[in-house]
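Some notes on the structure that comes next.
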Amino acid sequence: DTAVSQTPKYLVTQMGNDKSIKCEQNLGHDTMYWYKQDSKKFLKIMFSYNNKELIINETVPNRFSPKSPDKAHLNLHINSLELGDSAVYFCASSQDPGPLVTEQYFGPGTRLTVT
Amino acid sequence: QKEVEQDPGPLSVPEGAIVSLNCTYSNSAFQYFMWYRQYSRKGPELLMYTYSSGNKEDGRFTAQVDKSSKYISLFIRDSQPSDSATYLCATDWGAQKLVFGQGTRLTINP
Chain V
1 DTAVSQTPKY LVTQMGNDKS IKCEQNLGHD TMYWYKQDSK KFLKIMFSYN
51 NKELIINETV PNRFSPKSPD KAHLNLHINS LELGDSAVYF CASSQDPGPL
101 VTEQYFGPGT RLTVT
Chain B
1001 QKEVEQDPGP LSVPEGAIVS LNCTYSNSAF QYFMWYRQYS RKGPELLMYT
1051 YSSGNKEDGR FTAQVDKSSK YISLFIRDSQ PSDSATYLCA TDWGAQKLVF
1101 GQGTRLTINP
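Chains as they are written, first to last, in my numbering: chain V, 1 to 115; chain B, 1001 to 1110.
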């Protein structure tokens, strides 16, 4: 019974393609996130949703579009993939953030390679 | 200047050594400071967190914050091979958002 799951685990695709990554959490959390971790292990937030509503939208190209069909799911669709999109994408969730966000539960990551 | 700076290492020490991992941060408004541990090919997991200045101890791990110098430390006593991982410091950028350091890759050699 995985808390935060992502599919697929690995994704290899060519430049210009469109791809999606799916995330599901069974923790009953209200907030979900997408992070990008580059080859130097730098982990940076991309988006966050609270109860299906977009809360944080960092400076991310328009080619990235998150979608939250319900509060347990947050998907990431990427259009026109570029070489620079190659990274590990992590989904995470946390309780309603309120004034404090400390513990976020991360999924296992999706390793995206664009060739 | 990055909001949180961390030496990426790698850092390699013998089993049983005391390990010191450090970060600096830029904004004095940051209040909560966290250490996440990330094993290879896994997602990060929260190790411990502190609020404002001071120390917090949990078993072999001690987190320390010095707000006057904007310095965050994690000490690992009696280090074990199972402690080999990447350690990421993080801080809260207001509600709902964490800002991470680059992570330090640590190897404990048996």
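Glycine included, C-beta positions come from ideal geometry on N, C-alpha and C.
Chain-ordered, the chain B residues with CB closer than 7 Å to the CB of E103 of chain V read L1046. One thing to note: L1074 of chain B has its Cβ no nearer than 9 Å to the Cβ of L43 of chain V. Listed by position along chain V, the residues whose Cβ is nearer than 9 Å to that of Q1102 of chain B are K40, K41, F42, L43.
Y33 of chain V has its alpha-carbon roughly 30 Å from the corresponding atom of S1020 of chain B. Nearest to L74 of chain V by C-alpha distance, out of V:N50, V:N17, V:D38, is V:N50. The continuous beta strand (DSSP E) containing I1072 of chain B extends over residues 1071–1076.
Taking a cut-off of 8 Å for Cβ pairs, the region 1043–1059 of chain B and the region 75–82 of chain V do not touch, as fewer than three such pairs fall below it. In the displayed model, S1012 of chain B falls within a strand according to three-state DSSP. Taking CB atoms only, S93 of chain V has no neighbour in chain B less than 9 Å away. When rounded, the separation of the alpha-carbon atoms in D38 of chain V and S1068 of chain B is 31 Å.
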